[in-house]
Amino acid sequence: MLSDLSGWAITAVAILGVLSVAAGVAVFVVDSMARATFALLASFLAVAGILLALDLVYLAVVTALMMTIEMAIMAVFMIMFMMNPAGLMPMTMVHNAKGSAAVGAGVFVLLAVGIWTIDWPTMNPVRPDDSTRQLGEAIMGSHMLVMLVIGIGLFATILAGTVLATARGRYDRLGPGLDAEHPDDPVPGGLRR
Amino acid sequence: MSAVLGALVLLPALSGAALLVAGRGADRVAGPLAVAVAAAGVVVAALVAGTRPLLSVPFLGIVEGGDLRLVVDGLSAVLVVLVAGIALLVTVFAVVDLPADAARGRFFGYLLLFVAAMLATVTAATLPTLLLAWEVMGATSYALIGYHWDEPGKPAAGTRAFVTTRAGDLGLYVAAGAALAATGSLVLTDLESADGGWADVAAAGVLVAALGKSAQLPFSAWLSAAMQGPSPVSALLHSATMVAAGGYLLIRMQPLLASTGWAATAAAWAGALTAMVLGAVAVAQTDLKQLLAASTAAQIGFVVLAAGVGATAGGTAQLVAHAAVKAGLFVAAGAWLTALGTKNLTDLRGAARRYRGIGAAATVAALALAGVPPLSLWATKDKVLAGVDGTALHVVGLAAAAVSAVYAGRILAVVLARPAGDEEEPGTRRVPALTTVVAGVLAVFAAGLGVLALPAVAERLEAVLDVEGEPSPGLGELLLSGALALVALGLTVAVVRARPAVMEQLSRSPLASWAGLGRLLSPRPAMALARALATVDDRVIDRAVVGVAVGARRLAGMASRADDGVLDGAVSGVAAATRRTAAGSARIDTGVVDGAVRGMARAFRHAGGAARRPQTGLLHQYYAQAVVGLGLLLVLLLVVR
Amino acid sequence: MTAELVLQIVLTVAAGLIGVGLFGALSQQTIVMVMMGLELVLNGVLLAGGAAWYFLAPELPDAQVLVVVALVVMAVEMAMGFAVTVAFYRARQLDMIDMASDLRG
Amino acid sequence: MTGMSGGGERVLALLPELLLLLGAVGGLLLGLWTPQHRQWRVRLLVTAACLASVIAAAVALPEPAERVFEATWVVDTTTGVVRIVVALGVAVLVWLASPSLAGHPRETEAYVLMLLGGLGSIALAASGDLLLLVAGYLLASVPLYALAGFAKDSAGVEATMKYYLMGAFVGVLMLVGVAALVLATGTTGYLDLAALLPDASPALLAVGILGVLAGVAFKAGAVPVHFWVPDVTAGTTPPMAAYLTTIPKIGAVAAAFRLLAEPFADVPLDVPLLVAVIAAVSMTLGNLAAFNQTEVLRLLAYSTVSQVGYLFMAVAVAARTDLAVPALAIYLAGYAVTNIGAFAAVAATPAARTITDWATAVGRHRWIVVSLVVCLLGLVGTPPTAVFVGKLAVFTAAWDGALAWLVVVAAVNTVASLFYYLRWVAPAFAGVPAAPSMREWAGSGPRTAAGTAQRTRRGVPTGLLHGAAVMSLLLGLGAGWWLAFALST
Amino acid sequence: MLLTVVIFLPLLAAAVLLAAPRIPGRVAIGVWVAASAVDLALVGWMWLRFEPGQGASGVVDGLAYEAHLQWIPTVNAGYHVGVDGLSLPLLALTGVLFLACAVYSLREPDRPHTYAALFLFLQTACMGTFASLDLILFFVFFDLSIVGMYFVIAGWGHGNARRSALKFFLYTFIGSLALLVGFIGLFLGSEERTFDMVALAANPPLADSPVAGGLVLLAIFLGLAVKTPLFPFHTWLPDAHTDAPAAGSAILAGILLKLGTYGFVRIAMPILPEAWQRWAMVAVVVGVISVLWGAFVALAQTDVKRMIAYTSVNHMGYVLLGLGAAGLVASADEGARTVATVGAMYQMVSHGLLTGALFLLSGVLWSRGHSYAFDRWGGLARPAPVFAACFAVAAFGSLGLPGFSGFIAEFQVFTGALQAAPLATVVAVVGILVTAGLFLLALQRLFTGDPVVPSEADPDELAEGPGPERADGTTATAVRPRTATRMQDLRSREAAAVVPLLVLAVILGLVPRVLLDVLEPAAMAVVELVGR
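Residue numbers (our numbering), protein chains in the order written: chain E, 64 to 256; chain B, 956 to 1596; chain D, 204 to 308; chain H, 198 to 686; chain U, 18 to 549.
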């Protein structure tokens, strides 16, 4: 069966694919952490492009948006904490590079061999009219529980992240009895001010 | 009447046990009590000999003959009376012979137990009964021989006697098993009907047991050691009991021996050779009690010979007569030992003249031992020899008879000689009258029991024993043996008087040390084996555990090296592993010396160290190892379907 | 071009992303860079999920949900990663994972 | 789509989980208005939620198995047992942690996180869909990262960092695995997978199965993704260590069990062998590595690795024998009780990090030693403790599932494990008593509190240790009663 | 119910003792004695009311005092206990020996509460093992006995106690795991999937698969052989004994070893009759090797306790010989095999009494001079005549003298086994000769000659104990004092512990029907089951 993707689309997929991998490689090649962050973003955007070509509009958009934001945050982080945020002091921050490269290459080869030797069952699939609708129905229907659990997971993440990342809590602001008249904040603002 | 039969055994047994439990507190009453019990025993023995009762007490189960069964038949009747009688006399002797401060409770306790065991032995009708009595007799003989446990060497002598006789006893265990296998029963008389291979096994077992108990070749040496016991013990053990038990057993089991074809012959030859060899040994002794001991084995040899050739009546007569003769001699020897403080032949010079009463008794007994007509052993021996078919056997028997005259002559020549003056030997210088009486009674029997071999009496005896038509010695044979004995006796006396040096030379010969028989049964090889096995046990078996542990350690080491190899390159890992294995095999040896647990612990410590090595604390190495591990699992999953 | 071929190309790209990501995760020394490597692997998963939906089972929504879940995982892990980094930095003034090897053995 | 209505009807099937969630949210809200030193209220609330959840789960346990929410959530015996054990375990561990947490500004959050982690563990066990499994994995991981580093000391943050990085890594691999399985079948539901996987390409299957199993193996702490276990256990506080090595493990093992019993049951690969190898290596490595440990926490950490090996024996034969379900149920419950007990013993003497410290600290408290002996011998599998019954059942199941060699390996390993458990017990039992003090102790005189005795933190941990020991014995002795109840479906 | 009380009464007493640490040590031991006495009385009551029955012989039917509760229904394992002719004598032996040990310990050992509690715990474990009719229950109690004994040795031993205890624990624990594996094999091989011994014996598993049956038997055999112990798995025994306290040794040798031999009769033979028949010759050979090995190695020992320990190997060898012969169905008739089996079972009881007494007596040596080495003692018959007499009686009993229980046992083993395995039996008979020699030698060394007692001025000896390496005697001669003032004769509590054991051994030697009436029907049943 011939692919129902147009030639242009196939070409775009191929180019974007190469781009995404190249950007991925760039992440670990560039000196600067900030640049690495943007390389990663590029890789994600390329994948989002491929998803777009594969008729997954919603997912593509979500990916692009999420990753843009995330990488922005990451860039901030880099600048806040990292030793060499802007690549001003080039230094190798790697260990066991050869071994890691071997593992990476090995895994790729293994997967590629698998991919090219397996007999893929690409028989006349019936495509839904609207992939986004299909996804929405799944989330609210067959996979609702998954989403519920993920929701609880996000709740837990907020809690856990807060616990780990912040040193100050409500008792620092309002006293051990939560009865301070004015919250004691290092930076003025916030609730009950 | 079976209650009486029970009393025959239980009376001495229980009173003996009571004396033992009471310990030294009973010393005062022990002697009289023992005499009373022994006297009662004679009465009871006479009673049961007349009534021939049967007693059966449940003991073991499942198979026939597992009970404790006592039966008095003809043979038993004779022996019961004999044993009880000798026991009484010896007990009386012991009462007067033992020192005043001796632990009499213990002595008479064991003595009575011993007598009970002997009485049970001669009346036992089933194998468990027999073996029980048989072994208890051995154990009590151990206690009696080692009575003076605090004197050096005495306990060892008891040990030796017990272990040697027990070595023979093993035969009875085997015989019992064979009896069960062959007949499905443990009744003694059933064994006669056994056939096939099991009969051979049973006969062999019985033979070994009897030879051991009777101190026949090759077990004779324990008898020498047993002379360490007090004189009354010797008098009892070597006359009517213990050594006699073997002869008794063979006579009783004669049909079984005969049925196998070879066992009877073997017994006959064992008896004849013992009579010969131990006779020679006796000749060479310089110690009166040792001489008597060897002569005991020799004389019982005739009983064994009789059992071998089927001369039941002759054997029984020999047994009875020998009991009286030997008991008398031992009583005399004991009396002299007490009085003169020595049992050394040369020091006993003129002992018989010094104490005339006991001297006379001893002389009679010695003459009987020599086989001088018309005394008892002359006749009984001939009665035995009359049953012998083979010429060779006959010749050996005759020669043995002559030898007995020689050693008897040796005693006589010494004790009847003029006393050489009072040497400085410790002793009471006194022979109690009671001892003389005992010896006298025994001498009378020693002289007179020859009638048992006279045709008229012998027929009665045969009837009692339930055997028929056993050959009696012809007149010619009687004369020949009598003459032989007289000549030998005379020659010996002459030689001893004229040429004491000959005797001295004899006493330096190997015969004096019992022809090396002691060495034959030496415990040394057993001890050596024991030590070797113990070493193996400690060094090999226990250490094998270490070996396994060390092996495990090697394996773990190799595993850890393989683990390193994943990270550092397999080749160097394998090379290192090989190298370490080689070094490790050397270390196994050192490991072998250490304790098992330590080795085990060390092995695991090493393996544990290896197992902890991947836990480097470095996360990227965790990543790498996880990836490698998962990769291996992937390979496993794909390869092993 | 057959659909299978296109699928294989897309999947090869995904495999490439996974391989590169693994390399990064294994070789980087700072926590955030390791996280980037893992993100790249997830990037490959996104692609594979999309491909699975388009080429193999568009009639089922599962592959799409997989992509969503992968995105969420990415976000959650990022968030936790930042939190851990902050906590770690506060306690030790470090972000290099190699320097955290007190716990070992 | 009937999903909404279908799920809505059976929402009560998730009552135990709902109660836990309610407890978590309610606890957090309550905490917001609770003064710092009264946060025990939250503890009570959380405990109440757990107990309510246990009751709900116990009531639901005898009911027939069912799948709700479009078959993404399975309620059966395994789920039921996990629900009860996890909820009870969380309740107990909340109290075990309470002495070290009381008055902490984040006390509330800690309890809530513990509850959420338990919920995640249950989700792992109950999930009937790979994506739910992934979600459960997240939920069972994220709160634990925070708990591991709760103290925020140097060791704690290192533990958190390692735990997190390892978890993120394996989580990613797990997603790769799920993606592979989706590529193979296009679906993620266990029932569909069970039908479709046997025809899929083995290579794809291998990657998928391995990835998914790596995820659950990580949560269970099995080789080769066990590296976090010792480091995290040693880096965090004893109560948290108890939590980290108990709660997620239960869910993960149950998840692995379900995976092997359902989707991977008929695949053309020898998955049971794979699990068996993981089990064998885990128990061996755990035992060997524990052998030289002098640090009690690390020792227990490696012991948990080896315990996972025994647990995975039941997993390996999940699809092969009917004996596997009861075996898993007994062993899980026994393991949870005994392991918590052992950690409680450590928590009772927080200052004592090594075996000898520990022995001196409790030398005079005979009952603590006795209870520890019961717990540790319980971990060995000495009768009549619960783990013995579990081990027996697991051995039987493994043999019945044609893995007799694994039984032998496990038996040998059990012997090896004796070494280090005894190393801990023996000094405490025999070594400490010095002659003079023993006299006095033996006599009727008043007990003097020596310096060593005071280092023991009596109270909750000790009580829990005794409770665990008694419970271990009761579970073992009463195996018939509660198993009959659990398996009455 | 009565049986359950008998089993768990000691445990209850142990719990009471542990729960009340404030009661004085003397009272604690008193409680121990009382509990053991009551337990023994209950066993005696059970014995009195026990009816072996005519047709019903035990093992598979006619079990008395049976109690059956479900325990682990999924694998059909339960609390199934009962008494028959096999177990009743051993239960009684357990009661007697534990009471003797309690009386012996009246001197108040170190940490008396825990000591008493441990022994009571052990008593429950042993009683439970003998009463178990379920494989898992059996294993539970079997394993607990190991645990208890480990703590007894490690906590109250001397010398290298920890090491010996560990060795004991590991060795026997390995054995017990092999046993467990074997039990699982039985379970899986049985038709109805059960751990119930009665059901298994009634319908033996693995009957048609010789290989599997053989392997399962191998596992069970290994497990029991370690515990028994048989050559070459015996090396834990001497160490454990040398370093264990006297009462511990008495229990270890008197009762715990019987757990192994009892397992053969109760489990291996009736449940795997076909495999037992097939491999009986192996049992015979192992038994004979143990007999000789134990005897000869004991002969070479320089340490009283080690010597006694090795004689245990020897005595247990007889048991195996008898039981192995019972399996040689083809070459012996049923009568002979039954006799052998009865003998083997009798040996268990007999050995328990005699070796228990011997170990308690050797404990007297330790308490007087902290040494077991032969060359540090001598001439003790003079200062300690009662001790000497008791030791001698025990020694003669142990060497199988008629009039003692050992004779009844060994005689039956030999007579019964000869038909089945003639050569082996004839070889094994030598064992009783060697034991005779070694015991007499021991008596000679300890009691005769000049009085010798260990020097007091030898503090490291006191601290470290004799140990084999110290027993070479080279240093001992230099410090040997020639007075025997320190050797005190048997104290009343010691005599009260030992003498009843010896009296019992004599009673059983002279009136064996007391025991045989109970044993024989059960033995017949076992032989019949093996002969299937």
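All residues carry an ideal CB built from backbone N, CA and C; glycine is no exception.
With leucine 86(U) as the anchor, note down where its beta strand (DSSP E) starts and where it stops.
Locating residue 86(U) in the fifth sequence gives position 69, where the first residue counts as 1. Where leucine 86(U) is concerned, the enclosing beta strand (DSSP E) starts and stops at 81-89.
Could you confirm whether any beta carbon from chain E is found closer than 8 Å to the beta carbon of serine 304(D)?
The count along the third sequence starts at 1 and reaches residue 304(D) at position 101. No, no contact with chain E.
Identify the contact partners of arginine 399(U) in chain B, using a Cβ-Cβ distance below 8 Å as the criterion.
Position 382 of the fifth sequence, counted from the first residue, corresponds to residue 399(U). Those within 8 Å of arginine 399(U) in chain B are Asp1105.
Looking at chain E, is there any beta carbon in it that lies within less than 8 Å of the beta carbon of proline 340(H)?
Walking along the fourth sequence from the start, residue 340(H) turns up at place 143. Against chain E, the CB of proline 340(H) has a partner CB under 8 Å away; the residue lies at that interface.
Cutoff 6 Å; reference threonine 195(E); Cβ partners in own chain excluding five residues on either side:
Position 132 of the first sequence, counted from the first residue, corresponds to residue 195(E). Within the same chain, threonine 195(E) has close Cβ partners Tyr121.
For glutamate 1019(B): DSSP bridge partner residues:
Locating residue 1019(B) in the second sequence gives position 64, where the first residue counts as 1. Beta-bridge pairing links glutamate 1019(B) to Ser1140(B).
In three-state terms, what does DSSP make of tryptophan 230(H)?
Position 33 of the fourth sequence, counting from 1, holds the residue named residue 230(H). Judged by DSSP in its simplified three-state form, tryptophan 230(H) adopts coil rather than helix or strand.
So what does DSSP say about tryptophan 564(H), is it helix, strand or coil?
The residue given as residue 564(H) occupies position 367 in the fourth sequence. Residue state, collapsed to three classes: helix.
If we ignore side chains and look at the alpha-carbon of each, how far apart do glycine 271(U) and alanine 148(U) end up?
To locate residue 271(U), count along the fifth sequence from 1; it is residue 254. To locate residue 148(U), count along the fifth sequence from 1; it is residue 131. Pairing glycine 271(U) with alanine 148(U), the inter-Cα distance amounts to about 17 Å.
Which residues does DSSP pair with valine 166(E) in a beta bridge?
Walking along the first sequence from the start, residue 166(E) turns up at place 103. BP columns for valine 166(E) are empty, so no partner.
Using a Cβ-Cβ distance under 8 Å, would alanine 171(U) count as near chain H?
Position 154 of the fifth sequence, counting from 1, holds the residue named residue 171(U). Taking Cβ atoms only, chain H reaches closer than 8 Å to alanine 171(U), which makes this a yes.
Range covered by the alpha helix (DSSP H) that runs through glycine 252(D):
Here residue 252(D) corresponds to residue number 49 of the third sequence, with the count starting at 1. Annotation: the continuous alpha helix (DSSP H) that includes glycine 252(D) extends over 234-254.
Alpha carbon to alpha carbon, how far is glycine 1201(B) from alanine 292(U)?
Walking along the second sequence from the start, residue 1201(B) turns up at place 246. Walking along the fifth sequence from the start, residue 292(U) turns up at place 275. So the two alpha carbons sit approximately 44 Å from each other.
What residues of chain E sit near valine 209(D), judged by a beta carbon separation below 8 Å?
Within the third sequence, residue 209(D) is the residue found at index 6, counting from 1. Here the neighbours are Ser66, Leu68, Ile73, Val76.
Along chain U, which residues have their Cβ under 7 Å away from the Cβ of glycine 1016(B)?
Taking the first residue of the second sequence as position 1, residue 1016(B) is located at position 61. Near glycine 1016(B) (Cβ distances below 7 Å), the residues of chain U are Leu533, Glu537.
8 Å Cβ cutoff, leucine 227(E) in contact with chain H
On the first sequence, position 164 is the one that residue 227(E) refers to. Residue contact check for leucine 227(E) against chain H: a CB pair falls below 8 Å.
By the three-class DSSP mapping on this structure, what secondary structure does serine 106(E) have?
Taking the first residue of the first sequence as position 1, residue 106(E) is located at position 43. The answer is helix: DSSP assigns serine 106(E) an H, G or I state.
Looking at C-beta atoms only, is the number of pairs between the stretch 281-292 of chain U and the stretch 212-228 of chain U that lie closer than 8 Å three or more?
Short answer: they touch.
Is there at least one Cβ from chain H nearer than 8 Å to isoleucine 113(E)'s Cβ?
Sequence index remark: in the first sequence, residue 113(E) carries index 50 (1-based). For isoleucine 113(E), no Cβ of chain H is located within less than 8 Å of the residue's own Cβ.
Looking at the unbroken beta strand (DSSP E) that takes in arginine 1479(B), where does it start and where does it end?
Numbered from its first residue, the second sequence carries residue 1479(B) at position 524. Arginine 1479(B) -> not in any beta strand (DSSP E); alpha helix (DSSP H) instead, spanning 1479-1491.
So what's threonine 443(H) in DSSP terms, helix, strand or just coil?
Stepping through the fourth sequence from its first residue, residue 443(H) is reached at position 246. Correct three-state label for threonine 443(H): helix.
For a contact defined as C-beta to C-beta under 8 Å, what are the partners of valine 543(U) on chain H?
Counted from its first residue, the fifth sequence places residue 543(U) at position 526. Correct list: empty, because the minimum Cβ distance to chain H is about 26 Å.
Within chain H, the residues that alanine 1579(B) reaches when beta carbons sit closer than 8 Å:
Residue numbering aside, residue 1579(B) sits at position 624 when the second sequence is read from its first letter. Residues of chain H whose Cβ lies closer than 8 Å to the Cβ of alanine 1579(B) do not exist, since the nearest Cβ in that chain is about 10 Å away.
Proximity below 8 Å, CB of valine 1049(B) to CB of alanine 968(B):
To locate residue 1049(B), count along the second sequence from 1; it is residue 94. To locate residue 968(B), count along the second sequence from 1; it is residue 13. Checking the displayed sequence, the identity of residue 1049(B) turns out to be alanine instead of valine. With contacts defined by Cβ atoms closer than 8 Å, alanine 1049(B) and alanine 968(B) do not form a contacting pair.
CB-CB length for phenylalanine 281(U) against leucine 340(U), believed under 8 Å:
Within the fifth sequence, residue 281(U) is the residue found at index 264, counting from 1. Within the fifth sequence, residue 340(U) is the residue found at index 323, counting from 1. Contact between phenylalanine 281(U) and leucine 340(U) holds: CB atoms are separated by about 5 Å, below the 8 Å threshold.
Helix, strand or coil at serine 324(H) [DSSP, three-state]
Residue 324(H) sits at position 127 when you count from the first residue of the fourth sequence. Here serine 324(H) sits in strand by DSSP.
Taking the CB atoms as reference points, tell me whether leucine 1260(B) and glycine 1226(B) lie closer together than 8 Å.
In the second sequence, residue 1260(B) corresponds to position 305, counting from 1. In the second sequence, residue 1226(B) corresponds to position 271, counting from 1. Going by C-beta atoms, leucine 1260(B) is nearer than 8 Å to glycine 1226(B).
Beta-carbon proximity list for histidine 97(U), same chain, < 8 Å, skipping 5 on both sides
For the purposes of this step, residue 97(U) is taken as the residue at position 80 of the fifth sequence. Cβ within range, chain order: Glu83, Ala84, His85, Leu86, Ser149, Leu150, Asp151, Leu154, Asp213, Met214, Val215.
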